[in-house]
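At the far end of the sequence shown sits residue 557, using this note's numbering, and the numbering has no gaps.
Even glycine gets a Cβ: it sits at the ideal position worked out from N, Cα and C.
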Amino acid sequence: MARYIFITGGVVSSLGKGIAAASLASLFKLRGYKVSLQKLDPYINLDPGTMSPFQHGEVYVTDDGAETDLDLGHYERFVGIRMSQNSNVTAGRVYSNVIKKEREGKYLGSTVQVIPHVTDEIKHLIKKGSSNVDISFIEVGGTVGDIESLPFLEAIRQLNMEMNDSHTLFIHLTLLPKVEVTNEIKTKPTQHSVKELRSIGIQPDVLLCRAKDTIDENTKNKISLFTNVNKDAVFSAQDAKSIYEIPIFYKNQKVDEYILKKLKVPYKKSVIRPWVTFTNKLNKCKRKVKIGMVGKYVDLADSYKSLNESLLHASVQNNNAIEIDFIDSEDIAKRNIKKLNKLHGIVVPGGFGNRGVEGKILTANYARINNIPYLGICLGMQISVIEFARNILGLKNANSTEFDLKTPHPVVSLVSEWEDNIKGTIKGNIDELGGTMRLGAQKCTLINNSLVHSLYKKNIITERHRHRYEVNNKYVNQFNNTDLIFSGYSGKKELMEVLEIKNHPWYLACQFHPEFTSSPIKGHPLFNSFIKSSYETK
Ligand code: GLN
């Protein structure tokens, strides 16, 4: 039977519970245990798919097409296991299931209540997400004390009560602020946060204390005394230069060993080498490579979380130190386009809606004619098609119907808008906005003698999608005999998945999102090559 480790957060949000959970899970996975991770999100949306990236950061897409919280990206990158629909449970999902059951008459005439019906559903979904593993890590989103989190905390309290003592463990990640004038670390907010947890029946077993530096023995003693947490279970979670150092911090303090003993699972030897190798390499990277990310959500770095991580992974593979310049595409115009010249490579990431699109088209054009390495992702590929259609094929005002419904040349459009509608032959077919998106891992065939084929070294690859619009199949022939080749497609060439430009140092764009599958240890073939070329052509 699985052991459950619950991770809650206190005092303030954004302390890095996701990274803490992922780092610990990684230590157990490296020791040879079978682990799973799950994120419980207390908001009412069914999933974050419809939330603005400004509010919630990136939407992370799993192989099976779930639109999830960005913490799941950390889980995959740190632990190397695949997340699924079951890995992210929102209050919206829980309530929707409960209401569905009520309509189906599953509650036999009883009054449907938070306790036990909602909490039972939460427990059911937790168990479903933890089947066939040794240790399951459950991160509870939000901050202890929030109204929304209460049913989730109540459910995990019940699970603890129902199970053998050694089968559950509570970790609380908390903040120790420092009063700069007196140079004093303050434990009071942590005391209160734990008090709050205890008042709802949860006694944390382990405290991870976020602070700028490691905390001393006196502070640990004090925290232990006031929180009823064993002194040996009060650990430092100091600021790290890179998030990938965090598993090493935990391992050095023997956090995982403490947990192992508490959970009474058979001992397996610790392995930490992959993280040490990666961080050593990272710390030695001195040769700077400067990448411009020209997008719409540039004010919040979390909007492009996986992309930022993928660029970092690829730079480490190439012994480069990365600097990402976030550029608002709305600020790009003909008069100032030359400022892109200082960049070694340009990424146009995914996005929705027409704000800033013309700036992206100018950017793609500038990268193409000035031989600056260019990587277009999802919308970034559609932008390339529009740019090329306008400027090389001479299709005036070519556009995507997402941005201009009346364009004379809808080179990018919904499949249902194509004249010879091939709807039905395409997985995740696209009928209308607000309906379905093409989501999750899908196969793509790569053509021989292409750049993309030389990078993946495979004929068929699988990558994840999240979009509604496609390159309009009706226009594809018009690109024949130009420098733009469609080097990846799906099905029987119904959908174009990759394009590249010949006679250019490195210009590649893909309809899928390679950033979701990059790993710190290996990087990702597309990013690795993009960074290499950016550095070499600088
Ligand atoms: N807005 C575009 C579409 O829906 C691109 C989406 C994306 O970049 N993820 O097709």
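**Study point:** Phe371 beta carbon near the ligand SAH (any heavy atom closer than 8 Å)
**Key:** The ligand SAH is absent from the structure shown, which contains only the ligand GLN.
Review point. With 16 other CB atoms within 10 Å as the buried threshold, where does Arg387 fall?
Key: Buried is the call here.
Check your understanding: In the structure shown, what three-state DSSP assignment does Lys214 receive?
Key -> helix
Point to revise | heavy atom of the ligand GLN below 8 Å from His486 C-beta | key: yes
Check your understanding: At what residues does the alpha helix (DSSP H) containing Met180 begin and finish?
Key -> 169-181
Practice item. Starting from Asp344, follow the alpha helix (DSSP H) in both directions and report where the run begins and ends. Key: Unbroken run through Asp344 is the beta strand (DSSP E), 339-347; no alpha helix (DSSP H).
**Study point:** Pro368 CB to nearest heavy atom of the ligand GLN below 8 Å
**Key:** Yes, since a heavy atom of the ligand GLN falls inside the 8 Å radius drawn around the Cβ of Pro368.
Practice item. Report all residues from its chain with a CB closer than 7 Å to the CB of Ser115; omit the five preceding and five following residues, and keep chain order. Key: Short of 7 Å from the beta carbon of Ser115, and not among the five residues preceding or following it, lie these beta carbons of its own chain, in chain order: Leu65.
Review point. Between Val253 and Leu279, which are expected to be in contact by the criterion C-beta below 8 Å, what is the C-beta distance as a whole number of angstroms?
Key: Incorrect: roughly 17 Å between the Cβ atoms, too far for contact.
**Study point:** Within the segment 212-289, ranges of the alpha helix (DSSP H) (whole runs, at least 4 residues)
**Key:** 236-246, 265-271, 274-282
**Study point:** As assigned by DSSP and simplified to three states, the class of Glu421
**Key:** coil
Practice item. Give a yes or no on whether the C-beta atoms belonging to Gly35 and Arg229 are separated by under 9 Å. Key: yes
Exercise for review: For Thr193, collect the residues of the same chain with a Cβ closer than 8 Å to its Cβ; drop the 5 residues on either side in sequence, then sort them by chain order.
Suggested key: Excluding residues up to 5 positions away in sequence, Gly28, Gly29, Val30, Leu34, Pro208, Thr209, Ser212, Val213, Leu226, Leu227, Cys228, Arg229 lie with their Cβ nearer than 8 Å to the Cβ of Thr193 in the same chain.
Check your understanding: Is the beta carbon of Thr87 sitting closer than 9 Å to the one on Pro67?
Key -> yes
Review point. Between which two residues does the alpha helix (DSSP H) harbouring Ser155 extend?
Key: Element bounds for Ser155: not the alpha helix (DSSP H) but the beta strand (DSSP E), 154-159.
**Study point:** Best match in Phe535, Asn547, Pro533, Pro524 for proximity to Thr556 [C-alpha to C-alpha]
**Key:** When each option's Cα is compared against that of Thr556, the closest is Pro524.
Practice item. May I have a chain-ordered list of the alpha helix (DSSP H) segments no shorter than 4 residues that lie completely inside the segment 356-437? Key: Fully enclosed alpha helix (DSSP H) runs of 4 or longer: 376-388, 398-410.
Check your understanding: Less than 9 Å separating the beta-carbons of Pro539 and Glu482?
Key -> In this structure, Glu482 does not lie closer than 9 Å to Pro539 by Cβ.
Exercise for review: Pick out whichever of Tyr94, Gly99, Leu49, Ser537 has its Cα sitting closest to the Cα of Ala333.
Suggested key: Ser537
Review point. Run through DSSP, which three-state label would Asn492 get?
Key: helix
Practice item. Label Gln336 either buried or exposed according to how many other C-beta atoms from any shown protein chain fall within 10 Å of its C-beta, with 16 as the threshold for buried. Key: buried
Exercise for review: Tell me the start and end of each unbroken beta strand (DSSP E) in the segment 458-493 that is at least 3 residues and wholly inside, in chain order.
Suggested key: With a minimum length of 3 residues, the unbroken runs of beta strand (DSSP E) contained wholly in the segment 458-493 fall at 479-486.
Practice item. Just the C-alpha distance for Ser45 and Ile291, rounded to the nearest angstrom, thanks. Key: 9 Å
Practice item. Can you tell me the Cβ-Cβ gap for Tyr494 and Ala408, rounded? I've got them flagged as a contact below 8 Å. Key: 7 Å
Practice item. Express the C-alpha separation of Leu527 and Glu519 in angstroms, rounding to a whole number. Key: Glu519 and Leu527: Cα-Cα distance of roughly 4 Å.
Practice item. Inspect the beta-carbon positions of Lys324 and Gly76 and report whether they are closer than 9 Å. Key: yes
**Study point:** Enclosing beta strand (DSSP E) for Arg306 [first to last residue]
**Key:** 306-314
**Study point:** Close-in-space but distant-in-sequence residues of the same chain around Ile38 (CB under 7 Å, 5 per side omitted)
**Key:** The residues are His93, Ile262, Ile265.
Check your understanding: On the three-state DSSP scale, how would you describe Ile449?
Key -> Confidence at Ile449 is low in this model, with a pLDDT of 42, below 50, so the placement of that residue should be treated as unreliable; the coordinate-derived value is given next. Ile449 falls in the coil class under three-state DSSP.
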